[in-house]
């Protein structure tokens, strides 16, 4: 892998916020959006980080994202909230909805919110983790454009539809699961295409519905809607339980597209390089509605330690707990700077030029 | 496969209830327990059906299950409930908890309940589906004894920890996902052992943590806690995202063992042939808290039809929707009788003899 360029976290966040502001987003929402993007890079998930700035700016320019669209509340109860984002940026509406969900859970023990007509909101884990300081379990899901085929199908119907689940611990790091419900994301196919490597059976199918090995072909066919697509978690057919990943993906779609009175993945279209209208779901469970939070957190510590200390398979170095790799990446990157690759850095420079603002300084 | 013996549904339910009553369970709880067991057989899930009668009776005899133990409420709010089952039968406490959760969701929009110190409760889908007639989404999870290894591990730490999720439709059947978070259940290894077939890579690991092909060896090693076990959904290592199945399994454990102030899978032991103390989680979301239920249900119909009509992979006959196979099995079995295999039938006869009650009539 090429050497990463590193940028100081605060400088990168402020630069990206400035770019959003120049594109017409109010400063507060601009800063919030860049904060979520940089958090992805910090946590070692560059696919959802500032490399997407170009895409969001294009989204604003093409009208897919409406800057400063004010969300409207469609329905509300003491425990629930249904919001229409009115095609605004995904980050601010998501953050505000999760804040309201946490407030409602504080009062009622638990709460759930759905958002329709939103845009890409970055990493789902960000919003789930918002619950942690409140001694709550946080959940976040989103639907996406259809990129996955249902079990025994050959055209895309399912989103990569991620689920994020965060639970607080005491002295250990929190448990943070943040996973797409396809076996791999589309980006993994792009990596194999660049390396000219055949795809492992179980990642994708071709236009006939057979397991695909040619990454380039799958990507072309998907782009042109000729058939083929990613396989759900569990892979091809039922032998490795691909139908479970397919079911989880539909579950996420029901909790997002369906419950928000919006659209489900088969009807969510990704505009090339600009994003598309998606739907989210946010939940919070207050620990004290069930037990003493201190007991929960010390039990979590014990479970996490047990998992870390479990005997390792021959030839394997570590057993991880969900979120652990990301927290370690974040510690490292906070210290040494947020890594961005050359292409991403070039794009940030182009954005600086476009809006006549100062380039972001490299460490 | 050998020809199944078929028994009329009502007769089978009443026979099993009678057996439970003879074993010391009050009639109402006995009937409720047998109803859930027969439902599993009816839906084509015999691993969780009346074949387990012997196991429950042994559970009662060995003191693992305490007949007619009355559950106690540990904590309660308008939206939440934490129950101690006090080692009673799993079915009645689960049904009563889900009933309370539905009642609370009717009042508050959503609700969640947890149960600790319970016993095996049959199919998780049964309780999730209880929400459907109330125009609610239902969720149910349970932890189990540890049978699965974490990613990169070689000893069991994770339960098969199923997730069930049920969402109502209008004219179509409801969407009912009911899935273990391991790639396959232990029973699948037993089938391969009987057939002397090598296990596919991705189902289980041996005592060293390498993918296992010898089903007998894995079962023996698991039984004697020498290492090895089932792989999480996604299989071995991270290539097919086994870490996601591992994460889902821990999520279920946090929502069950942890949130109920009970034990998580690493500390849940299965007493041979008698079961073990497990922990459950139940949730309900009232559709009308988010949108018009009629709109949700007609949208569900449309989504389900789209999935059914999606182009099929070459050589594949049907694309299914979660729960569809089970509803079709139930229709058939309601008409033709509930199938039980010879061994299960022999065991039912032995139970009739044991308690000097009339054998159940075969169709």
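Chains as they are written, first to last, in the numbering used here: chain A, 88 to 450; chain B, 88 to 450.
Where is the CB? At the ideal position from N, CA and C, for every residue including glycine.
This one's a predicted model, so the numbers in the text were calculated from it and none came from an experiment.
Residue 169(B) to residue 335(B), Cα distance in whole Å?
Going from the Cα of residue 169(B) to the Cα of residue 335(B) covers about 22 Å.
Taking 7 Å as the limit between beta carbons, can you name the residues of its chain near residue 88(A), skipping five residues before and five after?
Note on residue 88(A): pLDDT 46, under 50, position unreliable in the model; no value is reported.
For my contact list, residue 243(A) and residue 253(A) are in at a C-beta cut-off of 8 Å; report their separation, rounded to the angstrom.
Between residue 253(A) and residue 243(A) the Cβ distance is about 29 Å, and since that is not below 8 Å, they are no contact.
Do the segment 90-107 of chain A and the segment 190-202 of chain A meet, that is, are 3 or more Cβ pairs less than 8 Å apart?
The segment 90-107 of chain A vs the segment 190-202 of chain A: no contact.
With a floor of 4 residues, list each alpha helix (DSSP H) that falls wholly inside the segment 339-406 of chain B, ordered by position along the chain.
Runs found: 380-395.
Strictly under 8 Å for the Cβ-Cβ distance: is residue 70(B) near chain A by that measure?
Coverage of chain B is limited to positions 88 through 450, which leaves residue 70(B) absent and any answer about it impossible.
Would you tell me roughly how many angstroms separate the C-alpha atoms of residue 142(A) and residue 201(B), rounded to the nearest one?
Approximately 43 Å, taken between the alpha carbons.
Which whole-angstrom value describes the C-beta separation of residue 276(A) and residue 328(B), a residue pair presumed to lie in contact below a C-beta threshold of 8 Å?
Not a contact, Cβ separation roughly 14 Å.
At 3 residues or longer, what runs of the beta strand (DSSP E) sit wholly inside the segment 413-445 of chain A?
Complete beta strand (DSSP E) runs here, min 3: 425-427.
If I follow the unbroken alpha helix (DSSP H) through residue 109(B), where does it start and stop?
Here the alpha helix (DSSP H) through residue 109(B) covers 96-109.
Please compile the residues from chain A whose C-beta is within a distance smaller than 8 Å of the C-beta of residue 401(B).
The answer, in chain order, is 241, 295, 296, 297.
Mind the definition here: the segment 151-166 of chain A touches the segment 127-142 of chain A only if three or more C-beta pairs lie below 8 Å; say whether that holds.
Contact fails: fewer than three Cβ-Cβ distances are below 8 Å.
Any idea if residue 236(A) is buried or exposed, counting beta-carbon neighbours within 10 angstroms, 16 or more meaning buried?
Buried, by the Cβ-count rule.
In chain order, which alpha helix (DSSP H) runs of at least 4 residues are fully inside the segment 248-286 of chain A?
DSSP runs (the alpha helix (DSSP H)) wholly in the segment 248-286 of chain A: 273-282.
Just the Cα atoms here: how many angstroms apart are residue 224(A) and residue 218(A)?
For residue 224(A) and residue 218(A), the distance between alpha carbons rounds to 6 Å.
Whole angstroms is fine: what's the gap from residue 159(A)'s alpha carbon to residue 203(A)'s?
Cα to Cα, the separation comes out at about 10 Å.
Mapping the DSSP letters down to three states, classify residue 158(B) as helix, strand or coil.
Of the three classes helix, strand and coil, the one that applies to residue 158(B) here is coil, per DSSP.
Using 8 Å as the threshold, is the C-beta distance between residue 288(A) and residue 239(A) below it?
Taking 8 Å as the Cβ cut-off, residue 288(A) and residue 239(A) do not qualify as a contacting pair.
Determine the closest residue to residue 148(B) out of 127(B), 112(B), 340(B), with distance taken between C-alpha atoms.
When each option's Cα is compared against that of residue 148(B), the closest is 112(B).
Hey, is residue 341(B)'s beta-carbon within less than 8 Å of any beta-carbon in chain A?
At least one chain A Cβ lies under 8 Å of residue 341(B).
Which parts of the segment 158-229 of chain B are runs of the beta strand (DSSP E), unbroken and 3 residues or longer, counting only runs that do not cross its ends?
Within the segment 158-229 of chain B, the complete beta strand (DSSP E) runs of at least 3 residues are 159-163, 167-171, 197-205, 223-229.
Can you pull the chain A residues whose beta carbon is under 9 Å from the beta carbon of residue 353(B), in chain order?
Near residue 353(B) (Cβ distances below 9 Å), the residues of chain A are 390, 393, 394, 397.
With residue 274(A) and residue 293(A) assumed to form a contact (beta carbons below 8 Å), what rounded beta-carbon distance in angstroms separates them?
Not quite, the Cβ-Cβ distance comes to about 19 Å (not below 8 Å), so this is no contact.
Could you list which residues in chain E have their beta carbon closer than 7 Å to that of residue 338(B), in chain order?
Structure shown: chain E not included; protein chains present are A and B.
What residues in the segment 169-191 of chain B have a beta carbon less than 8 Å from any beta carbon of chain A?
So the close ones are 169.
Run through the DSSP bridge pairs and tell me what residue 298(A) is partnered with.
Partner(s): 292(A).
With H, G and I counted as helix, E and B as strand and the rest as coil, what does DSSP make of residue 317(A)?
Correct three-state label for residue 317(A): strand.
Quick check: residue 346(A) and residue 378(B), are their CB atoms within less than 8 Å of each other?
Yes.
Of all Cβ atoms in chain A, is any one closer than 8 Å to the Cβ of residue 199(B)?
True, the Cβ-Cβ gap to chain A drops below 8 Å.
Under a CB-based cut-off of 8 Å, is residue 159(A) close to chain B?
By this cut-off, residue 159(A) is not an interface position.
Using a beta-carbon distance cut-off of less than 8 Å, what residues from the segment 409-431 of chain B approach chain A?
Hits within the stretch, in order: 409.
Beta-carbon separation of residue 216(B) and residue 180(B) under 8 Å?
Against a cut-off of 8 Å, the Cβ pair of residue 180(B) and residue 216(B) comes out as no contact.
For residue 306(B), which residues from the same chain have a beta carbon less than 8 Å from its beta carbon, with the 5 sequence-adjacent residues on both sides left out?
Contacts found: 273, 276, 277, 280.
Can you give me the Cβ contacts of residue 425(A) inside the same chain, cut-off strictly under 7 Å, excluding the 5 residues immediately before and after it?
Answer for residue 425(A): 93, 94, 96, 99, 125, 128, 129, listed in chain order.
With DSSP as the reference, identify every bridge partner of residue 139(B), one or two as the case may be.
Beta-bridge pairing links residue 139(B) to no other residue.
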